[in-house]
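These notes concern the structure reproduced below.
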Amino acid sequence: MNQLLFNFSALAFVLISSASCEQSQVDITQSNNETDVLVRQIETQNHDESDLIPTINGTRVPAAPTATIDPQMQSLAITVTPTEMSVGEISNNDHFLVCSPLAGETIDTLREIISDPYHPPPPGRDERHHGVDFAYYRRGDRMSIEGVAIQAIMPGIVAAVIDNRLPYGNMIIIETSGDYIPNPINELLGLMPGKSVYHLYAHMQSKPGLRVGEWVACGDYLGQVGTTGYNIVEPHLHFETRIGPEGQAFDNMAYYDTRATQAEIDAYLRWRVGGEFQHFDPMHLFEIYLNQLILP
Ligand SMILES: [Zn+2]
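If you count by my numbering, then the sequence shown holds residues 11 to 306, one letter each, in order.
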């Protein structure tokens, strides 16, 4: 297990680089000081296959999140070390991980491959960009991102698996309950009790081979970057994060298609503009996570 220490200048870069596009309600700098360092831990253990989540009276009961991930993922884990700030809260989740949504990339390098940033509309509107797009052409070091493995950014429960419908194409949504996220991160995200973070991965090559209700670990394989969905010219991963009520799932979802059923349309509108699921910049989550690795 490797530990990498980062000094404050690295932290400052993260904060400065995030300042231009963050419209968040939370000041993520408030818990930092000049003695802070980032401690990152690259897990190198294998994880088990996903497990089905049991249900009690129809309510899904999440399994305990695993603390191990695939060695290919280069993901980051919070290391619990005595600290003046909120160590008691983090210690309940001492192996909490946030993983890169793309194999071969780390959370640090994601910003280099944003091909279309988060560009939120006013609340309740469907236009503009509810997520962030990742592709390689901006960085230019690889020809195409098509076929690159997509990975779950956090452990959670599959909340939707959509078989190539407009606009998302092949798509999967995963729910991570706030119960599995360290409290300091929940607070910075504005995640209240009873709420979850939902993460959506769209335009995949094929329908994800998972079922609603299955448990996925951080970094679990979800599918490959593709071109399915509405008006996709270049392959990219469209990635959304939303805060919504716990325990929700979608059997279907479609829009921009005259053949879409009313149930599909209703699900789309519920996700997009109904107000229950509030989108936020996925990069905000990554930056909060990185900053929470700070120790005095
Ligand atoms: Zn997009």
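Here a beta-carbon is modelled for each residue, glycine too, at the ideal position from N, C-alpha and C. Fair warning: this is a prediction, and the values are worked out from it, not measured in the lab.
Item to complete: State whether the region 163-171 contacts the region 181-196, with contact taken as three or more CB pairs (one from each stretch) at a distance under 8 Å.
Response: yes
Worksheet entry | Straight-line gap, residue 69 to residue 257 (C-alpha atoms, nearest Å) | In the sequence shown, counting from the first residue as 1, residue 69 sits at position 59. In the sequence shown, counting from the first residue as 1, residue 257 sits at position 247. Note that residue 69 has pLDDT 37, beneath the 50 cutoff, so the model's placement of it is unreliable and the number below is only indicative. C-alpha separation (whole angstroms): 7 Å.
Practice prompt. Run the CB neighbour count on residue 129, radius 10 Å, all protein chains shown included, and call it buried at 16 or more, exposed below.
Written response: The residue given as residue 129 occupies position 119 in the sequence shown. By the 10 Å Cβ count, residue 129 comes out exposed.
Worksheet item: Which residues, in chain order, sit with a beta-carbon under 6 Å away from any heavy atom of ligand 1?
Response: 126, 139, 141, 143 and 248
Worksheet item: Which class does residue 272 belong to by DSSP, given the choice of helix, strand or coil?
Response: Within the sequence shown, numbered from 1, the residue matching residue 272 stands at position 262. In this structure, DSSP gives residue 272 a helical state, which the three-state scheme calls helix.
Fill in: Helix, strand or coil at residue 294 according to DSSP, with G and I counted as helix
Indexing the sequence shown from 1 puts residue 294 at position 284. Note: residue 294 maps to helix in three-state DSSP.
Fill in: Limits of the unbroken alpha helix (DSSP H) element including residue 199
For this step, residue 199 is matched to residue 189 along the sequence shown. Here the alpha helix (DSSP H) through residue 199 covers 193-199.
Worksheet item: Thinking C-alpha only, which one of 106, 152 and 118 is nearest residue 297?
Response: In the sequence shown, residue 297 corresponds to position 287, counting from 1. Checking every option, the nearest Cα to that of residue 297 belongs to 118.
Practice prompt. Evaluate the contact criterion for the region 196-207 versus the region 251-266: three or more CB pairs, one atom per stretch, below 8 Å.
Written response: yes
Worksheet item: How many Å lie between residue 302 and residue 292 at the Cα?
Response: Here residue 302 refers to the residue found at position 292 of the sequence shown. Here residue 292 refers to the residue found at position 282 of the sequence shown. So the alpha carbons of these two residues sit roughly 16 Å apart.
Fill in: Backbone CA spacing between residue 173 and residue 180 [nearest angstrom]
The residue labelled residue 173 in the question sits at position 163 within the sequence shown. The residue labelled residue 180 in the question sits at position 170 within the sequence shown. Approximately 5 Å between the Cα atoms of the pair.
Discussion item. Please state the DSSP three-state secondary structure of residue 224.
Written reply: Taking the first residue of the sequence shown as 1, we reach residue 224 at position 214. Correct three-state label for residue 224: strand.
Worksheet item: Apart from the five residues just before and just after residue 204, which ones in its own chain have a Cβ nearer than 6 Å to its Cβ?
Response: Here residue 204 refers to the residue found at position 194 when the sequence shown is read from its first residue. These residues qualify, in order along the chain: 256.
Worksheet item: Looking only at C-alpha atoms, which of 281, 274 and 246 sits nearest to residue 125?
Response: For the purposes of this step, residue 125 is taken as the residue at position 115 of the sequence shown. The shortest Cα separation from residue 125 among 281, 274 and 246 belongs to 246.
Worksheet item: So what does DSSP say about residue 178, is it helix, strand or coil?
Response: Here residue 178 is taken as the residue at index 168 of the sequence shown, counted from 1. The answer is coil: DSSP assigns residue 178 none of H, G, I, E or B.
Worksheet item: CB-CB under 6 Å to residue 267, same chain, minus the five flanking residues each way: which ones, in chain order?
Response: Along the sequence shown, read from residue 1 onward, the residue named residue 267 stands at position 257. Counting only Cβ-Cβ distances below 6 Å, and skipping sequence neighbours, we find 176.
Worksheet item: Is the Cβ-Cβ distance between residue 162 and residue 232 less than 9 Å?
Response: Looking up residue 162 in the sequence shown gives position 152. Looking up residue 232 in the sequence shown gives position 222. The Cβ atoms of residue 162 and residue 232 sit closer than 9 Å to each other.
Worksheet item: Which two residues bound the contiguous beta strand (DSSP E) that contains residue 112?
Response: One-based indexing of the sequence shown puts residue 112 at position 102. Premise fails: residue 112 is in no beta strand (DSSP E) and is neither H nor E.
Fill in: Closest by C-alpha distance to residue 142, when choosing among 111, 134, 264 and 116
As a working mapping, residue 142 is identified with position 132 in the sequence shown. Looking at the Cα atoms, 111 is the closest of the given residues.
Item to complete: With DSSP as the reference, please indicate the residues paired to residue 129 in a beta bridge.
Response: Counting from one through the sequence shown, the residue named residue 129 turns up at place 119. Paired residues: 139.
Discussion item. Do residue 160 and residue 299 have their beta-carbon atoms positioned less than 9 Å apart in this structure?
Written reply: Locating residue 299 in the sequence shown gives position 289, counting from the first residue. Locating residue 160 in the sequence shown gives position 150, counting from the first residue. In this structure, residue 160 does not lie closer than 9 Å to residue 299 by Cβ.
Fill in: Nearest-angstrom Cα separation, counted from residue 149 out to residue 123
Taking the sequence shown and counting its residues from 1, the one referred to as residue 123 is at position 113. Taking the sequence shown and counting its residues from 1, the one referred to as residue 149 is at position 139. Taking the straight line joining both Cα atoms gives about 6 Å.
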